[in-house]
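These notes concern the structure reproduced below.
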Amino acid sequence: MDILEYVIKEALILIPVLYVIGMFIKSTPNVPSWIIPWIMLALGVIGATALVGFNVQGVIQGVLVAGVTVFANQLIQQTINK
């Protein structure tokens, strides 16, 4: 099962955008690490609904791109910090 089969082409741009925003948020000392995925989820839903429209499809796309972003970040972190 390929998660990118479910993400529409228009929303793919949100994955690197959310990743970069997450790196900036991570470097902010006043933001705890546990809240970063929640911020990514909110930004993903906002971004996807801006691209797709405010409907169920937009919310689902936002959740998917946020999930892919957090998952990719964890893969990178776990690979680097064996």
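Each step along the sequence shown adds one to the number in the working numbering, with nothing skipped, and position 55 is 45. Glycine included, C-beta positions come from ideal geometry on N, C-alpha and C.
On the CB-based measure, 16 or more other CB atoms within 10 Å of its CB, does residue i come out buried or exposed?
| i | result |
| --- | --- |
| residue 4 | buried |
| residue 33 | buried |
| residue 1 | buried |
| residue 10 | exposed |
For residue i, which three-state DSSP category applies?
| i | result |
| --- | --- |
| residue 63 | helix |
| residue 58 | helix |
Could you tell me whether the Cβ atoms of residue i and residue j are closer together than 9 Å?
| i | j | result |
| --- | --- | --- |
| residue -3 | residue 54 | yes |
| residue 13 | residue 60 | no |
| residue 69 | residue 52 | no |
| residue -6 | residue 46 | no |
| residue 22 | residue 56 | no |
Report task. Ignoring anything shorter than 4 residues or poking outside the region -1 to 42, list the alpha helix (DSSP H) runs there in chain order. Result -> 4 to 16 and 26 to 42
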